[in-house]
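Chains as they are written, first to last, in this note's numbering: chain P, 7 to 330; chain A, 1107 to 1393; chain G, 9 to 558.
For every residue, glycine included, the Cβ atom is placed at its ideal position computed from N, Cα and C.
Predicted, not measured: the structure shown is a model, and the values here were computed from it.
Working notes, beginning with the structure itself.
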Amino acid sequence: MTLVYILKRLAISIPVLWLLVTLTFLFLRIVPGGPFDQDKALPPHIKANLEKEFDLDKPVVWNTKKWSEGHYIQFFTETQYFYAMKKLVHGDLGPSFKYRTRRVTDIILESLPVSIELGLYAVLFAFLLGIPLGILSAHRHNTWIDHTSMFFAISGVTLPSFLIAVILIYFFSIQWGMLPAGLWDSGFEYKVLPVVALGIRPVAIIARLMRASVLDVIQADYIRTARAKGLAEFPLMMKHVVKNSLIPVITIAGPLVAAVITGSFVIEHVFAIPGMAKHFIQAVTNRDYTLVMGVTIVYAVFLIVANITVDVMYSVVDPRIKLS
Amino acid sequence: MTQSGTSLWQDAWKRLSKNKPAMVSLGFIVFIILVAVLADVLSPYSYETQNTVERLMTPNSKYWMGSDQLGRDLLSRVIYGSRISIAVGMIVAICALISGGIYGAVSGYVGGKIDNAMMRIVDVMYTFPSLLLVILLTVLFGRGLFGICVALTIVSWVSISRLVRGQVLQLKEMQFVEAAHAIGVRNWAIIFKHILPNILGPIIIILTFEIPSAILTESFLSFIGLGIRPPLSSWGSLANDGFQAFKSYPHLIVFPGLAIFFTVLAFNLLGDGLRDALDPKLKNVSP
Amino acid sequence: MKKSLYFILCFGLVFSTFLGCTKKHKLDNETLVFNLETEPPTVDPTKTTDTTSSLVIENLFDGLLDYDLPNLTVVPKVAKSWDISKNALVYTFHLRDDVTWTDGKKVTAYDFEYSWKRMIDPKTAAEYAYFLFDVKGAKDFNQGKLKDEKQLGIQALNDTTFQVTLAQPVAYFIHVATFPGLMPLRRDVIEKHGDKWIEPQNIVTNGPFILTKWKHDYEMILTRNENYFGPKAKLKTIRCLMVTEQSTALSLYQTKKLDIIRNLPALEIPKLKTSADYRSGNFLGSYYIGFLTTKYPLDNKYVRRAITAAIDRNQITDLLEKGDLATTSIIPKGLLGYNEKIGIPYNVEEAVSWMKKAGYKLQDVEGEKQWVDTETKKPFPTITVTFNTNEAHKTVIENLQQQWKKNLYIPVEINNQEWKVYIDSLHSARKTPDRVGFHIFRLGWVADYPDPDNFMSLFTSYSDNNNTGWANPKFDALVEKAKVVLDPKKRAKLYDQAQKILLEEDAAILPIYIYAHQSMWRDEVQGIALNPLDSWKLDEIWVQRKTAQK
């Protein structure tokens, strides 16, 4: 049943993805400036040679010239859009416009694992810190402990990530010399600052969610009953409350990972990490059409999978919710 | 049903006023808005007059927050920056709320095929990496206040529409709405008289969370070089200017950073307070 | 409650254990860590246009000739000597016979013939193909008009003789033989591996270093070529990192993770300048302001002159504090034709009188001074200056705005754009100046080769790089003439005349300063000579670490 549901959702995603790709394609053509516009202007025919190499010599969406010549099929096929789609269907986006000797697929295959690694660490960090914080502040609801830990958690969402990175670098690298200010070498010390900087926002989200969830469960009848029966506080919290309130928190893990991985641009840039999010912004800045397309598709797939996961998780966790 | 709204709001206010962090935050927000409105009166110097002799000064009695690389008073720039940051936050939140709210309400209320079609569009928007969209839109619309607000609105209405739709769907099944239908009350009257007052709570909560999130997104745009254009400056663009020099001249990043920190914090605490006061069960609304 | 404390405690423990087993990267006397800043778009010489790629290519490959830095004279490299025919049309290069590729094969003239032809082959779509357009048949070949390779003026006569024939004599052509885009290439390697021939496992080079590792967007490892024909590199390994964010690079430098950083965060420079590690020097690049000379009110040359004379360039270089040299001449210092006396210097009185000559009158309107057209009675319009988003440009333009307002009472608005949008609007400004939202723009130009023609030909009426819309046939003729005159003194005179037209008479552009590059390295790093080409010969660098790293 669940499998059928997942397959159905995936099937629906294909037209969504197609629409997305089309929109991205059109958007990139509308935005002023092309991949080969530089301060040192190119002689027109050299630009023409380049455009030919990258299929940019054709009209964007329809080829009116072919239409007037009576080639009605080529009206659609002899276009940049059709060529791009054809490549996409074959699973190869062609070479990057900026990194001319590298293929987009290769760029993504090299950089995506780094982003995933960073993202997973960050989410792990967020869970390890956010869950205890949430429990603590729910258990001591409306005391100074609650306010302090919530203040601490909320602080994570109050600063743009480049400011968080600056604070971490300033203290941990420059003042105390404990951790490197950047780079992504194999040692553990290289992972700490970027992971913390990236994970601090999810900490806030998880802590708040956990707090709300624990508060909900504590008020439930069976907990009151258990408490009335004189069950000790600690086992009660661990066995019944925490276990039950973890459910909604765990269901958001999927989207959280997706959000963290797709949102790590600033961190990757500031810490010089060779991940994919970095390419995203740079590719748009460079008008690297093929690379933007590649990264967009990967991100979209991430988001789609995350959305499906959350729905499936909900139904697994709460059988009252039906998948449809 | 609407009559009971008054006491509901009174109740909520009572609960909110007991929440100290939320009340302090509310006070702070009012203060910041006043600063933004009265920037001309409050700021000691012009935000754009350069004084190349007194540049890059650390905070002192003349320049309370120091001066920047062109010898401009940082305090005045932070005060004027509040205008842009708060304006971006408010405009985006309100526009996103109106567009997303109407979209979600119509979709949920009408239901059926139209609802289905409208939700497919939302699905596509959800899959669109919002970052890409924001960048493309700011490049396209230019970098004035208008362009940035349009771009941010376009990426933030989607989640609101989903939320409002959910609320409307729930309410639609309620007895009092069905009763209104039965006695022949018109659709728009039902929406305005019965549904809207009942989802006002969640809407206000969304608003308080949407404002800080827009402020943060704007500062992110500044970081990637797509923020508001000079000589105007937002807190985000000021902080980004300071980012380059945080080792030598930390004051350039600290003060705008603190402004962002406290403002966003205040909105968040107020939002939490409102949520507790208005609708303790509503958990989906988080920034 | 206790459990949650336990959670936190556990977490803290895990965290600190990991911190405990921190390993330090070893820095020894055989390794240098260099900041390359960005991923080189490619190291395929034919397909590069950018400085990062060129830096790497120059350390991996050896070309026909090289520069003797810092004198900028051309010296032998793979070619041990060269002859130029009397009519200055035929260049014959005599190659050494002891230069080998990293796979052991000999470097021959045919490898050069291949790379030169590959450059102009339309199928390669090389952006810098126009560097060879003075060669006989090259332009037609690149445009697809000429198909027969044999008619090209590029030919290997035998293994050690390479001959180039020009279409017309060109004074600076010898510089082309040093160009990183024209390094010798191995046809067999390129044809075997396609685009992937530049990956470490495939690449075959002939320079002082071998590319042994390339983790894209992160690092490149260059290792000493033990079979190099010249003096071997002093260091065994160069680790080139790609730290793009300047402030991060600085932090890494200060924590000794990087040995050399180039380009420093603009705002940190005033403090960094006081450090002994700070080094700076001028190079062949000019920063200038361009006027849309066909757009009202800048279509009046007196207005342009006034606007130029109202600017104190020293104020800008003092603000930036990075050692840039304020200049009135567009040809940078260090090149033939540089003349500090040419151009309009800062002079407010003169600026005011030029405004009057342009037909404007200074009036007091509501306590503020304002220029009013004496005929139409219309006030002088607000001028818009545009620039691409960047910290340093912002400082420059905001200061210009202030100076124009203060010195000349001209209202100025500024407007920055994202790089590609900016370039796009500059290009359309040339064709439709009235449809773009600005009057004044900024640009910089860095020499492709050390010759004044590289700067002067930018502003000819037919140049693709002339965004001002300015056209003066006298200027065009002077620049064309100077191109083929071989006598340096005569050339310098011609450039003086041309610069006078461009900068004084017509004031089409306003040069601001000659760029300086900044870098930092500690005294333990030796053998670096900053030079006007900003060229980095990594093989000459060595290190002597003062204390062994932990």
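By the neighbour-count criterion, in which 16 or more other beta carbons inside 10 Å mark a residue as buried, Glu239(P) falls on the exposed side. Runs of the beta strand (DSSP E) lying entirely within the segment 81-128 of chain G, each at least 3 residues long, are 81-84, 87-92, 98-103 in chain order. Within chain G, the residues Ala133 have their CB atoms less than 7 Å from the CB of Glu59(P), given in chain order. Chain order gives no chain P residues near Lys1278(A), where near means a beta carbon separation below 7 Å; the closest approach is about 18 Å. In this model, Ser1182(A) and Leu249(G) are separated by some 40 Å (Cα to Cα).
Out of Leu1277(A), Pro1356(A), Arg1268(A), the CA that lies nearest to the CA of Ile173(P) is found in Pro1356(A). For the options Thr1158(A), Ser1191(A), Thr1244(A), Val1212(A), the alpha carbon positioned closest to that of Met1224(A) is the one of Val1212(A). Listed in chain order, the non-local C-beta contacts of Ala1118(A) below 7 Å within the same chain comprise Ala1383, Leu1384, local neighbours out to five positions each way being set aside.
Distance from Gln80(P) to Lys64(P) at the Cβ level is roughly 10 Å; contact not present, criterion being Cβ atoms closer than 8 Å. Between Thr107(P) and chain G, the shortest Cβ-Cβ separation is below 8 Å. Restricted to the segment 1301-1368 of chain A, the alpha helix (DSSP H) segments that are unbroken, complete and at least 4 residues in length are 1302-1329, 1341-1349, listed in chain order. Taking a C-beta distance under 8 Å as the contact criterion, Asn423(G) and Gly445(G) qualify as a contact pair.
Flagged as an interface residue toward chain G: Gly39(P), by a C-beta distance shorter than 8 Å. Look at Thr325(G) here: in three-state DSSP terms it is helix.
Straight-line measurement puts the Cα of Ala1345(A) at about 14 Å from the Cα of Thr164(P). Annotation: Met91(P) to Lys144(G) spans about 42 Å, alpha carbon to alpha carbon.
Of all residues in the segment 8-40 of chain P, those with a C-beta nearer than 9 Å to a C-beta of chain A are Ile18, Ser19, Pro21, Val22, Leu23, Leu25, Leu26, Leu29, Thr30, Phe33, Leu34, Ile36, Val37, Pro38, Gly39, reading in chain order.
Comparing C-alpha distances from Met1163(A) to each of Ser1328(A), Ser1354(A), Gly1379(A) shows the shortest one belongs to Ser1354(A). Shown in chain order are the members of the segment 305-324 of chain P whose Cβ falls below 8 Å from a Cβ of chain A: Tyr305, Ala306, Leu309, Ile310, Asn313. Here the C-alpha atom of Ile137(P) lies approximately 11 Å from the C-alpha atom of Ala159(P). With contacts defined as CB atoms closer than 8 Å, Ile287(P) and Ile1330(A) qualify as a contacting pair. At a Cβ-Cβ threshold of 8 Å, Leu1246(A) and Val209(P) do not count as neighbours. Annotation: the continuous alpha helix (DSSP H) that includes Lys482(G) extends over 481-492.
Phe1247(A) carries a helical assignment under DSSP once its states are collapsed to helix, strand and coil.
Of all alpha-carbon atoms in Thr382(G), His401(G), Met363(G), the one lying nearest the alpha-carbon of Asn415(G) is that of Met363(G). Between the alpha carbons of Gln159(G) and Val493(G) lies a gap of roughly 27 Å. Only Val1245, Leu1246 from the segment 1244-1262 of chain A bring a Cβ to less than 8 Å from some Cβ of chain P.
Taking the C-beta atoms as reference points, Thr108(G) is found nearer than 8 Å to Asn214(G).
Close to Pro441(G), with beta-carbon spacing below 7 Å, lies no residue of chain A; the smallest spacing is near 19 Å.
Residue nearest to Phe463(G) within the set Ser294(G), Lys498(G), Asn308(G), Glu348(G) is Ser294(G) (criterion: CA-CA distance). The three-state secondary structure of Thr60(G), taken from DSSP, is helix. Val429(G) belongs to the set of residues whose beta carbon lies under 8 Å from a beta carbon in chain A. Rounded to whole angstroms, the gap between the alpha carbons of Gly152(G) and Asp129(G) is 8 Å. Between Ser1152(A) and Leu1375(A), the gap from beta carbon to beta carbon reaches 8 Å or more. Look at Asp148(G) here: in three-state DSSP terms it is helix.
Taken through DSSP and simplified to helix, strand or coil, Asn166(G) comes out as strand.
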